[in-house]
Each structure stands twice: as structure tokens, then as C-alpha cells.
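Visitor: Numbering (this note's numbering), first residue to last: 3 to 133.
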């Protein structure tokens, strides 16, 4: 009997959709910025802890196409034409009252301890209450 092939997810990010609620659990808003074709984003989204916090509404999943306020989510990088504002993925962005409080770009070293990184960021967002 032939083996079943695993579903190919190279071009699609499969992550739970964030609940559409106005409730914010009394915390600063924590966003995870991803790109559909980014292999590192897929690695982060395969993590059970990340998927749990997204499904409970502690982390809001957004893609490049959803970002309208690039200054709130982007970072300045030195390019060939000078300083350029760009979006890096995967990045956690914490916002409070419309202002960016923290921007954390996941590095390859973080993949080994992504559970700890995500838990730290969710707990840190609890420190910014009533935003």
C-alpha cells in the first residue's frame, strides 16, 4: 500500500486565526508580523505555544499586506540608497495606545527557545495594562 503524502505547506501559512474581539485581556497589543513565503515564519507558526497564544487572542497574526502603518511596524535599515524603512519577518511588535513599545525580530538562535521567547513577550505585554 502506498504511503500518504504529507500536505505541502511551502506556499501557505497554516495558523489559527486570531479571534476578532475588542477584548485585549487588559494588555498591550502584541502582533506577530509574518510573510506567507517566509520559511522562518513557518517555523515559528508550527510551534504549539505560538499557535496557542494566537488562538486565545493574546497574539494577533498579521501579514505584510495587512500593514498600513509601516512606521509602527517597520525598522530602519541601512541600504544602498541610505536609510530605508522595511518590514522584517518574523517580528513581534508590542503596541500600546497606538505607539510601538517593543519590536522583537526573531533570529535563528531564537528557534531553539521559541517557547521561552513567546512566553516572555506575552508576560511582558501584561505589564502594560490599560492601553
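Each residue gets a CB set at the ideal place from its N, CA and C atoms; glycine is no exception.
All of these numbers come straight from a predicted model, not from anything done at the bench.
Counting Cβ pairs closer than 8 Å, one from the segment 57-73 and one from the segment 35-46, do we hit at least three?
Guide: Yes: at least three Cβ pairs fall under 8 Å.
Visitor: Using the C-alpha atoms, what's the distance from residue 86 back to residue 51?
Guide: Position 49 of the chain shown, counted from the first residue, corresponds to residue 51. Position 84 of the chain shown, counted from the first residue, corresponds to residue 86. Their backbone Cα atoms lie some 33 Å apart in a straight line.
Visitor: Less than 8 Å between the beta carbons of residue 97 and residue 53, yes or no?
Guide: What you label residue 97 is simply residue 95 of the chain shown in a count that begins at 1. What you label residue 53 is simply residue 51 of the chain shown in a count that begins at 1. Not closer than 8 Å, so no.
Visitor: Answer with buried or exposed for residue 82, where buried requires no fewer than 16 other C-beta atoms within 10 angstroms of its C-beta.
Guide: One-based indexing of the chain shown puts residue 82 at position 80. Residue 82 is exposed by the Cβ-count criterion.
Visitor: In whole angstroms, what is the alpha-carbon distance linking residue 78 and residue 108?
Guide: As a working note, residue 78 is residue 76 in the chain shown. As a working note, residue 108 is residue 106 in the chain shown. About 16 Å.
Visitor: So the candidates are 116, 59 and 125; which of them puts its Cα closest to the Cα of residue 48?
Guide: For the purposes of this step, residue 48 is identified with residue 46 of the chain shown, where counting begins at 1. Out of 116, 59 and 125, 116 has the C-alpha closest to the C-alpha of residue 48.
Visitor: Report the three-state DSSP secondary structure of residue 49 (helix, strand or coil).
Guide: Within the chain shown, numbered from 1, the residue matching residue 49 stands at position 47. Reduced to three states, the DSSP call for residue 49 is coil.
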